[in-house]
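S.K.: Please see the structure below; I have some questions.
2 protein chains.
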Amino acid sequence: MAKKIIEKTLAQPVSMSESVTLIDVAKLAGVAPMTVSRVLNRPELVHSDTQRKVMEAVRTTGYVPNLLAGNLASSKSKLVAILLPTIANSIFSDTVQAMMDGLTASGYRHCSASSPIRASARKRWSRRFSGGVRTASCWPARRIAKPRTSGSPAHIPVVEIWDLTDKPIDMVIGFSHEEVGAQVAQHLLAKGYRKFVMVSVDDPRGLRRCESFQREIAKHRAAKPVFEVSPAPATFQAGREGFSRLLEKKMPEIIVCSSDTLALDVLAEAGSRGISVPRDLAVMGFGDLSSAAYAFPALSTVRVDGARIGKEAAKALLERFNAAPDTPKPVVHIDTGFTIVERQST
Amino acid sequence: MAKKIIEKTLAQPVSMSESVTLIDVAKLAGVAPMTVSRVLNRPELVHSDTQRKVMEAVRTTGYVPNLLAGNLASSKSKLVAILLPTIANSIFSDTVQAMMDGLTASGYRHCSASSPIRASARKRWSRRFSGGVRTASCWPARRIAKPRTSGSPAHIPVVEIWDLTDKPIDMVIGFSHEEVGAQVAQHLLAKGYRKFVMVSVDDPRGLRRCESFQREIAKHRAAKPVFEVSPAPATFQAGREGFSRLLEKKMPEIIVCSSDTLALDVLAEAGSRGISVPRDLAVMGFGDLSSAAYAFPALSTVRVDGARIGKEAAKALLERFNAAPDTPKPVVHIDTGFTIVERQST
DNA sequence: CTGTTAGCGCATTCAG
DNA sequence: CTGAATGCGCTAACAG
Chain P
1 MAKKIIEKTL AQPVSMSESV TLIDVAKLAG VAPMTVSRVL NRPELVHSDT QRKVMEAVRT
61 TGYVPNLLAG NLASSKSKLV AILLPTIANS IFSDTVQAMM DGLTASGYRH CSASSPIRAS
121 ARKRWSRRFS GGVRTASCWP ARRIAKPRTS GSPAHIPVVE IWDLTDKPID MVIGFSHEEV
181 GAQVAQHLLA KGYRKFVMVS VDDPRGLRRC ESFQREIAKH RAAKPVFEVS PAPATFQAGR
241 EGFSRLLEKK MPEIIVCSSD TLALDVLAEA GSRGISVPRD LAVMGFGDLS SAAYAFPALS
301 TVRVDGARIG KEAAKALLER FNAAPDTPKP VVHIDTGFTI VERQST
Chain E
347 MAKKIIEKTL AQPVSMSESV TLIDVAKLAG VAPMTVSRVL NRPELVHSDT QRKVMEAVRT
407 TGYVPNLLAG NLASSKSKLV AILLPTIANS IFSDTVQAMM DGLTASGYRH CSASSPIRAS
467 ARKRWSRRFS GGVRTASCWP ARRIAKPRTS GSPAHIPVVE IWDLTDKPID MVIGFSHEEV
527 GAQVAQHLLA KGYRKFVMVS VDDPRGLRRC ESFQREIAKH RAAKPVFEVS PAPATFQAGR
587 EGFSRLLEKK MPEIIVCSSD TLALDVLAEA GSRGISVPRD LAVMGFGDLS SAAYAFPALS
647 TVRVDGARIG KEAAKALLER FNAAPDTPKP VVHIDTGFTI VERQST
């Protein structure tokens, strides 16, 4: 038997056709399989001489661990589920990128799915994800209810991002969309604007920003904004059309958009109609799409640090993954805030 | 023992704390575990009466399959690795979205990673991905070389997307970037332009489009374009800065950008400088970012159907996954083409 | 620090 | 159409 291993390893590695397992490595290194496992996963528990021997054997055999087996034995998938409304052309891309980077650095991977996936509980839980990330109003919370399944803890860490919520499932990292709406309203009122027009996509968070904006306007007895909703998701086209419909009514003083995608679109439509921004029309966006405020000086916007949200989310998850099982859950409720970026004066 | 199962299932499902496995379901349904497995995975092999009994038991126990175990037993992860330069603010988002939708509909999931991940072979192969998707020039092909590992086929299906390549690893779905560069050059020459300026991000495909463009220009003895490269990835800011540097030299007639992100940025910078597009300056983009050509009438661009690429990639992978093991590999080499979209005349 | 024992939960492969 | 036996490859938990 030992002979067989030798044959396998002495043959040209490239032509080896049989698969190599922990046992093969162990035999070649003259140690127990468990020791090989330790060298690969928790090397600090193994004598350095043994480590060297084992790594040597790993190299000559070309061993690649089988996480399918490892996951089963340890009941840990090291897979994080990311559930977002969309990743296309999205304000979430910075967040996803940052999160991805944080997780992969620690050996975790992520699987993402977008909103239309209304998988059954069976499908959603069968991969035994180690953790989850979602926007708060992505799905009703009850859908996250964890069935009692084999080989997984009673609860998995979940981070709700891009929002703050009163009844979090677990951890929360984001900012208040009500606050955004209110502050934008105050900001614009202070600048002297009184006649507002809004364009929003049909997205829960966008609509909440708009509603809050309108409440704040009402408080100050300014005229009720004209309000136009486009179907989600945000596309450049949506903004154009919403804007056009509004123009049919009356030329507004300022147009408040629920996203930068819409705002850029309004900018474009204005340009093609010979309307000068900001001279004839002011435009306010949201989300700081690719540093929109910098790229488009005529645009005011609300800057959100999506990358920070992703980074913090990854950090929060990793901390929980690494915590001892009986550690009390730390409270993670981070308000990442936002910044209103005034257009560059011209 | 049977009693125990009954107790578990008759207790309030919500309060059950022990995990439920195939065996529990089988006992409750009075069948063998294998039958339960069949009902869940290949119901067509099971009598409908048995199916009903089993599904009933599945429901009352709240059973959720453990794919960690299933994957190991069947040596199939149903996970697809997606390797792209970036997903942030990216022309790939449509592609990823379409691919995701196609794969999840068939029970597959995807794990994505972006360029900076230079994981070791050990890490890259240990999850036993069922298939892979990458851009052709994302990594050198040799890095895809498959080590002989346990529990996985000698080769996995790989689709290279967003490019055509002479020596594909396996399947290819995309278009020729050389062709784009050449055709754009011809198009613009035909429109009467002679003095070109280019801005590109430092991306392999973008640079190839530019080089091809320049070769074509040279063929027609037009002036060599001024060429400005910004570091990757594309941001709106990159375009602005590249454009500004160019303006210091001379006001161009037309500016050709390696992506729509850059093009929109140039549009913005032009706007803030009082340069009218297209009257004073023509701008050409690439990638049809959010239907840029529609949203920004002054912009000409090259429309690429990213969603189609994603859809075809998913389809190609699924076909290979479902094929019998000894089926000869179908040749998949799809040129999805592109369309030059002329700006809307004003 | 290292080895041994004993599964993880399911699907493959036959036999019936 | 259904069942029984077997083991995927690895790691937890302990013993030494």
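Residue numbers (our numbering), protein chains in the order written: chain P, 1 to 346; chain E, 347 to 692. Ideal placement from N, C-alpha and C gives every residue a C-beta, glycine not left out. It should be emphasised that the depicted structure is a prediction, and the values quoted were computed from it without experimental measurement.
Output the distance between the C-alpha atoms of His333/P and Val518/E, rounded to the nearest integer angstrom.
M.R.: For the purposes of this step, residue 333/P is identified with residue 333 of the first sequence, where counting begins at 1. For the purposes of this step, residue 518/E is identified with residue 172 of the second sequence, where counting begins at 1. So the two alpha carbons sit approximately 45 Å from each other.
S.K.: Can you have a look at Pro571/E and say buried or exposed, based on whether 16 or more other CB atoms are within 10 angstroms of its CB?
M.R.: Here residue 571/E is taken as the residue at index 225 of the second sequence, counted from 1. So Pro571/E ends up on the buried side.
S.K.: Check whether the stretch 43 to 53 of chain P and the stretch 78 to 92 of chain P are in contact - that is, three or more C-beta pairs closer than 8 Å.
M.R.: no
S.K.: Val678/E CB to nearest chain P CB: under 8 Å?
M.R.: Here residue 678/E refers to the residue found at position 332 of the second sequence. Nearest CB-CB separation between Val678/E and chain P: not below the 8 Å threshold.
S.K.: Find the residues of chain E that neighbour Met251/P, judging by a C-beta separation of less than 7 Å, and give them in chain order.
M.R.: Start at 1 with the first residue of the first sequence, and residue 251/P comes out as number 251. Residues of chain E passing the Cβ test: none, with the nearest at roughly 20 Å.
S.K.: Mind listing the chain E neighbours of Leu281/P? Cutoff is C-beta to C-beta under 9 Å, in chain order.
M.R.: For this step, residue 281/P is matched to residue 281 along the first sequence. Within chain E, no residue comes near Leu281/P; the closest Cβ sits about 13 Å away, beyond 9 Å.
S.K.: Report the rounded CA-to-CA distance for Asp447/E versus Tyr454/E, giving the unit in angstroms.
M.R.: Your numbering for residue 447/E matches position 101 in the second sequence. Your numbering for residue 454/E matches position 108 in the second sequence. Cα-Cα distance, rounded: 10 Å.
S.K.: Among Pro550/E, Arg666/E, Ser421/E and Arg470/E, which one has its Cα closest to the Cα of Pro431/E?
M.R.: Indexing the second sequence from 1 puts residue 431/E at position 85. When each option's Cα is compared against that of Pro431/E, the closest is Pro550/E.
S.K.: If you drop the 5 nearest sequence neighbours on each side, which residues of the same chain put their C-beta closer than 7 Å to that of Glu178/P?
M.R.: Taking the first residue of the first sequence as 1, we reach residue 178/P at position 178. Taken in chain order, the residues that qualify are Arg208 and Ser212.
S.K.: Just the chain E side, please: which residues come within less than 9 Å of Met100/P by C-beta, in chain order?
M.R.: Here residue 100/P refers to the residue found at position 100 of the first sequence. Ile433, Ser458, Ala459, Ser460 and Ile463, listed in chain order.
S.K.: CB-CB under 7 Å to Ala510/E, same chain, minus the five flanking residues each way: which ones, in chain order?
M.R.: Taking the first residue of the second sequence as 1, we reach residue 510/E at position 164. Here residue 510/E is Leu; the residue named in the question, Ala, does not match the sequence. Contacts found: Val518, Gly520, Phe521, Ser522 and Asp681.
S.K.: What span of residues does the alpha helix (DSSP H) with Ala26/P cover, start to end?
M.R.: In the first sequence, counting from the first residue as 1, residue 26/P sits at position 26. Segment Leu22 to Ala29, the alpha helix (DSSP H) holding Ala26/P.
S.K.: Just verifying my parser: in three-state terms, what is the DSSP assignment at Thr607/E?
M.R.: The residue you call residue 607/E lines up with position 261 of the second sequence. The answer is helix: DSSP assigns Thr607/E an H, G or I state.
S.K.: Go ahead and pull the three-state DSSP assignment for Ile87/P.
M.R.: Taking the first residue of the first sequence as position 1, residue 87/P is located at position 87. Three-state result, Ile87/P: coil.
S.K.: Note down, in chain order, all residues in the stretch 609 to 625 of chain E with a beta-carbon under 9 Å from any beta-carbon belonging to chain P.
M.R.: Answer set for the stretch 609 to 625 of chain E: Leu610, Asp611, Leu613, Ala614, Glu615, Gly617, Ser618 and Val623.
S.K.: 8 Å is my cut-off, CB to CB: does Pro411/E come that close to chain P?
M.R.: The residue you call residue 411/E lines up with position 65 of the second sequence. So, interface residue.
S.K.: Pop quiz: Ser546/E and Gly552/E are said to be a contact at Cβ under 8 Å. What is the actual Cβ separation, rounded to whole angstroms?
M.R.: Reading the second sequence from its first residue, position 200 is the one you call residue 546/E. Reading the second sequence from its first residue, position 206 is the one you call residue 552/E. Between Gly552/E and Ser546/E the Cβ distance is about 5 Å, and since that is below 8 Å, they are a contact.
S.K.: Applying a beta-carbon distance threshold of less than 7 Å, which residues of chain E neighbour Phe296/P?
M.R.: As a position in the first sequence, residue 296/P is number 296, starting the count at 1. Going along chain E in sequence order, the residues near Phe296/P (Cβ under 7 Å) are Ala614.
S.K.: Between which residues of its own chain and Ile428/E is the CB-CB distance below 6 Å, once the five residues before and five after are set aside?
M.R.: For the purposes of this step, residue 428/E is taken as the residue at position 82 of the second sequence. Around Ile428/E: His456, Ser458 and Val479.
S.K.: Strictly below 7 Å CB to CB, what residues from chain P border Trp471/E?
M.R.: Sequence index remark: in the second sequence, residue 471/E carries index 125 (1-based). Those are Val64, listed as they occur along chain P.
S.K.: Quick one: is Ile502/E buried, meaning 16 or more other Cβ sit within 10 Å of its Cβ, or exposed?
M.R.: Against the second sequence, residue 502/E aligns to sequence position 156. So Ile502/E counts as buried.
S.K.: So Ser350/P contacts chain E; which residues on that side make the cut at Cβ distance below 8 Å?
M.R.: The structure shown does not extend to residue 350/P, since chain P is modelled only from 1 through 346, so no value can be given for it.
S.K.: According to the neighbour-count rule (16 or more other Cβ atoms, all chains shown, within 10 Å of its Cβ), is Arg540/E buried or exposed?
M.R.: In the second sequence, counting from the first residue as 1, residue 540/E sits at position 194. In summary, Arg540/E is exposed, with fewer than 16 beta-carbon neighbours lying within 10 Å of its beta-carbon over all protein chains present.
S.K.: Which chain P residues sit within Cβ distance under 8 Å of Gly497/E?
M.R.: Here residue 497/E refers to the residue found at position 151 of the second sequence. Near Gly497/E (Cβ distances below 8 Å), the residues of chain P are Ser19, Asn66, Leu68 and Ala69.
S.K.: Determine which residues share a DSSP beta bridge with Phe338/P and list them.
M.R.: Looking up residue 338/P in the first sequence gives position 338. DSSP output for Phe338/P lists no bridge partner at all.
S.K.: Using a Cβ-based criterion (distance less than 7 Å to any ligand heavy atom), does Asp335/P qualify as near the ligand NAD?
M.R.: In terms of ligand content, the structure shown is empty, and the ligand NAD therefore cannot be addressed.
S.K.: Could you give the distance in angstroms between the alpha-carbon of Ser496/E and the alpha-carbon of Arg567/E?
M.R.: One-based indexing of the second sequence puts residue 496/E at position 150. One-based indexing of the second sequence puts residue 567/E at position 221. Distance between the alpha carbons of Ser496/E and Arg567/E is about 58 Å.
S.K.: Can you name, in chain order, every residue of its own chain whose Cβ lies under 6 Å from the Cβ of Ala528/E, other than the five neighbours on each side?
M.R.: As a first step, residue 528/E is located in the second sequence; it is residue number 182 there, counting from the start. A distance below 6 Å between beta-carbons, with the five flanking residues on each side excluded, links Ala528/E to the following residues of its chain, in chain order: Ser558 and Glu562.
S.K.: So which residues on chain P does Leu418/E lean against when the C-beta distance must stay under 7 Å?
M.R.: Translated into positions along the second sequence, residue 418/E becomes position 72. Contact annotation for Leu418/E against chain P: Leu68, Ala69 and Leu72 [CB-CB distance below 7 Å, chain order].
S.K.: Would you please verify whether the beta carbon of Arg649/E is less than 8 Å from any beta carbon of chain P?
M.R.: Position 303 of the second sequence holds residue 649/E. Not an interface residue.
S.K.: Is DSSP giving Ile563/E helix, strand or coil here?
M.R.: What you label residue 563/E is simply residue 217 of the second sequence in a count that begins at 1. In this structure, Ile563/E counts as helix in the three-state DSSP scheme.
S.K.: So with CB distances below 8 Å, who are the chain P contacts of Ala467/E?
M.R.: One-based indexing of the second sequence puts residue 467/E at position 121. Residues of chain P passing the Cβ test: Val64.
S.K.: Pull up the CB-CB distance for Val229/P and Asp202/P, whole angstroms please, since I reckon it's below 8 Å.
M.R.: Taking the first sequence and counting its residues from 1, the one referred to as residue 229/P is at position 229. Taking the first sequence and counting its residues from 1, the one referred to as residue 202/P is at position 202. That belief holds up - the Cβ atoms of Val229/P and Asp202/P are roughly 5 Å apart, short of 8 Å.
S.K.: Please classify Arg128/P: is it buried, with 16 or more other beta-carbons within 10 angstroms of its beta-carbon, or exposed?
M.R.: For the purposes of this step, residue 128/P is identified with residue 128 of the first sequence, where counting begins at 1. Its Cβ being crowded by 16 or more others within 10 Å, Arg128/P is buried.
S.K.: Within 10 angstroms of its Cβ, does Asn71/P collect 16 or more other Cβ (buried), or is it exposed?
M.R.: The sequence position of residue 71/P within the first sequence is 71, counting from 1. Buried, because 16 or more other Cβ atoms sit within 10 Å of the Cβ of Asn71/P.
S.K.: What residues in its chain sit with their C-beta under 8 Å from that of Pro325/P, if we drop five residues either side in the sequence?
M.R.: Working through the first sequence from its first residue, we reach residue 325/P at position 325. Pro153.
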